[in-house]
Amino acid sequence: MMVLSFTNKISIKKFSLIKQSYKSSSIQECSFSTVNTYHYSAFSTHNIFRFCLTRNINLAHVIKRSMINSRCLHAAKAAYYCLSTISNDQVLHNTTKENRKPLVNSLLDYAMNHENGIIQHKSRLANHVLNHQFSANDFYEAYQAKWPNPKVTYVPDCQVKMHAVAEIPVLHQYHNTFGQDINRTVSTFDSIKTEFPNQHQSNPDFLVYIDRAMGLGKRATYQDEKAGGEMIKHSTRGSIGILTFDSNGKVVPFTNEDLTLKKFYNTSHNGITDGLKMMVFLTFLIKKFLD
Amino acid sequence: MSQFKPRTDDDFLTHQRYQRYLWDKFQANPSYNRSISFIFDVHIENIPLNLQTKAFANTFSNSLSTARLYNLDRPGDCREISYAMIRAYEKHIDPHFSAKIQYLHYQCGITMNKRFLEALVSIIKHDIIHLS
Chain A
241 MMVLSFTNKI SIKKFSLIKQ SYKSSSIQEC SFSTVNTYHY SAFSTHNIFR
291 FCLTRNINLA HVIKRSMINS RCLHAAKAAY YCLSTISNDQ VLHNTTKENR
341 KPLVNSLLDY AMNHENGIIQ HKSRLANHVL NHQFSANDFY EAYQAKWPNP
391 KVTYVPDCQV KMHAVAEIPV LHQYHNTFGQ DINRTVSTFD SIKTEFPNQH
441 QSNPDFLVYI DRAMGLGKRA TYQDEKAGGE MIKHSTRGSI GILTFDSNGK
491 VVPFTNEDLT LKKFYNTSHN GITDGLKMMV FLTFLIKKFL D
Chain B
14 MSQFKPRTDD DFLTHQRYQR YLWDKFQANP SYNRSISFIF DVHIENIPLN
64 LQTKAFANTF SNSLSTARLY NLDRPGDCRE ISYAMIRAYE KHIDPHFSAK
114 IQYLHYQCGI TMNKRFLEAL VSIIKHDIIH LS
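Line order of the protein sequences matches chains A and B.
Positions in the first sequence are counted from 1; adding 240 to them yields the numbering used here.
Positions in the second sequence are counted from 1; adding 13 to them yields the numbering used here.
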C-alpha cells in the first residue's frame, strides 16, 4: 500500500509529476522536508529511489543506493579499513582543527586501494561514519602528489563530503583508460550548472575536454559518476562507474540486483543506436553459447 | 560436481574492446552531441585475511542478521551496522577506539555522523553500567 505524506500544497503536484515520470509503482513511503530546497524521498520495498526537487529545477535525479550484505567478506573488510583509516594513531597525531590533510590523505589511500573493499561499500561506509565537509583542494592535492596528472583539474575552494571517496577512483580509472585522448577533466563537485545538447544531467561531476592527436577531434562533454546500482539500471547518459570482480570473475555484490556487463550494454547507452546495442548483446549471447 | 564455471578473461577483453569502440566512434567524435556511459572493471584477488581482520569480520558478521541486505539509508539498519562495527573493532583491534573518535570529533573538529555517534554513546553507556 502506498503511503504519502506532504506538508506543502505545491509539493503534491510536483511529486505526482515526478512519480508519473518514473512510473515507480513500488513506492511505499514518502517523506518531505525543506531547508533551502525542496527535498522529496520515496522509499521502495528493496532499494531506495530518492527524488530530489529544488526550487528551480523541476526534476533532478534518481539515486539508487548500494547495500551491505551481512555475510559479505568484502563489506566486512571495507568496514574494518574504514575504522582503521580514521582511528590510525599517525593520522590522529597529525590532524588538527587547522590541518585536516593527514586525515584526507588517509581517506584517499582508503579510496584508491581496491583491496580494502569495493568502492560502493567504502563510499557508503565513509558517508555513514563521517559527516564532515573537507576542502576539495586537500583531496586533489593529495591525489596529485601520489598520482601526478596535469590533466586532472578541479573547481577550487569547494567543500566536499565523502563523495570524493567514490569520485576520485572512478576519475583515476577514466584517465587510465582514455587518458591519451583527454586534454583535461574538471571535477565540479556539483557546483557548476552546465548546458549541453540532449543533456539529462544538469550538474555533472566531471567536465571533459577531449583533444585527440593528429586533429582527429576536439570536443567538450561531461561525465557523471555513479557508484551504485543506478550506473546500470537508471543510468543517465554519460555515467561512469566501477564494477569490482573477484578472483572467480564474478561481480562483488553490493545490491540485490544481478549486475552483469551484459545488462549494462542492454539497458544503458541511451544515446547509442539500437543496432549497436543489438550487436553487443548478440556477441555476448554467442560467447555464452560457445562457453 | 559443481556446475560453476569461472568466466574467462575474454569477456573483459570484449568489454574493453567495445568501450574503446564507443569512445573512438562516439564519445571522441566532435559531431556526436551526447555523452556515453562507461563502466570500468576492477579485478581483486581473494586474499586470505590476517588473524585480526578475520576476527573482526567474524564478530561483525555475527552481530548482524543472517544473509540480510542492510541499507544505510534506513535508521534501523544504520544503527545495527554502527553497533556491529564499533563492537567488533573495540573487541579485536583497538579497545581505545571510542576515545579516539571522541578526540577526532571534539578536539580536531571533524564532524562525525549523528547516528554513528549515537551508537558510540550507547555503547559507552552500556559499558559503564556493565562495569559498575
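Where is the CB? At the ideal position from N, CA and C, for every residue including glycine.
A contact between stretches requires three or more CB pairs, one per stretch, nearer than 8 Å, and the stretch 480 to 500 of chain A fails this requirement with the stretch 64 to 71 of chain B. The residues A97, M98, A101, in chain order, have a CB closer than 7 Å to that of F73 (chain B) in the same chain once the five nearest residues on each side in sequence are set aside. Counting only residues of its own chain and dropping the five nearest sequence neighbours on each side, I136 (chain B) has a CB closer than 6 Å to the CB of I99.
Secondary structure of L82 (chain B) (DSSP, three-state): strand.
Ranked by Cα distance from L370 (chain A), the options A:Y321, A:A382, A:M402 are led by A:M402. Cβ neighbours of F25 (chain B) within its own chain (closer than 7 Å, five residues either side excluded): D54. DSSP places V331 (chain A) in the uninterrupted alpha helix (DSSP H) bounded by 329 to 334. Residues of chain B whose Cβ lies closer than 7 Å to the Cβ of Y383 (chain A) do not exist; the shortest such Cβ separation is about 17 Å. The alpha-carbon of D498 (chain A) is positioned some 16 Å away from that of N488 (chain A). D107 (chain B) sits away from S346 (chain A), with the two beta carbons spaced by 8 Å or more. By the 16-neighbour rule on beta-carbons within 10 angstroms, V134 (chain B) is exposed. The Cβ atoms of Y462 (chain A) and S48 (chain B) lie closer than 8 Å to each other.
Following the DSSP letters along the chain, one finds D349 (chain A) inside the alpha helix (DSSP H) bounded by residues 341 to 352. Taking 8 Å as the cut-off, the Cβ atoms of L365 (chain A) and C322 (chain A) count as close. Assigned with DSSP and collapsed to three states, T72 (chain B) falls in helix. In this structure, Y394 (chain A) sits near A376 (chain A), with a CB-CB distance shorter than 8 Å. Per DSSP, the continuous alpha helix (DSSP H) segment holding L144 (chain B) begins and ends at 127 to 144. For A70 (chain B) against K317 (chain A), the beta-carbon gap comes to about 7 Å, under 8 Å, which counts as contact. For the set A:Q373, A:D329, A:A404, the Cα lying nearest the Cα of Q360 (chain A) is the one of A:A404. Apart from the 5 residues on each side of it in sequence, F110 (chain B) sits with its Cβ closer than 8 Å to the Cβ of I99, Y102, E103 in its chain, given in chain order. Taken through DSSP and simplified to helix, strand or coil, F39 (chain B) comes out as helix. K458 (chain A) is bridged by DSSP to A:D451.
Between N438 (chain A) and N46 (chain B) the beta-carbon gap is near 6 Å, inside 8 Å, which marks them as a contact. Contact between D464 (chain A) and D445 (chain A) holds: their C-beta atoms lie close to 5 Å from each other, under 8 Å. For a Cβ distance threshold of 7 Å, residue set L483, F485 of chain A lies close to D54 (chain B), ordered along the chain. Looking at B:R81, B:N59, B:H143, B:K127, the one whose alpha-carbon comes closest to that of R92 (chain B) is B:K127. Within chain A, the residues E355, D486, S487 have their CB atoms less than 9 Å from the CB of E58 (chain B), given in chain order. By the rule that beta-carbons nearer than 8 Å mark a contact, R92 (chain B) does not touch chain A.
Only residues of its own chain outside the window of five on either side were considered, and among them V395, C398 have a CB closer than 6 Å to the CB of S431 (chain A), listed in chain order. For A132 (chain B), the CB contacts under 7 Å within the same chain, skipping 5 residues up- and downstream, are R92, S95, Y96, I99 in chain order.
Neighbours of K317 (chain A) across chain B, judged by C-beta separation under 8 Å: L62, T66, A70. Inclusion of Y383 (chain A) and L348 (chain A) in the CB contact set at 8 Å is warranted, their separation being smaller than that value.
When rounded, the separation of the alpha-carbon atoms in H333 (chain A) and G457 (chain A) is 50 Å.
The residues I482, in chain order, have a CB closer than 7 Å to that of Q413 (chain A) in the same chain once the five nearest residues on each side in sequence are set aside.
Here the alpha carbon of F485 (chain A) sits roughly 44 Å from the alpha carbon of I141 (chain B).
Taking 8 Å as the upper bound on Cβ-Cβ separation, chain A lies near residues T124, M125, N126, K127, R128, F129 of the stretch 124 to 139 of chain B.
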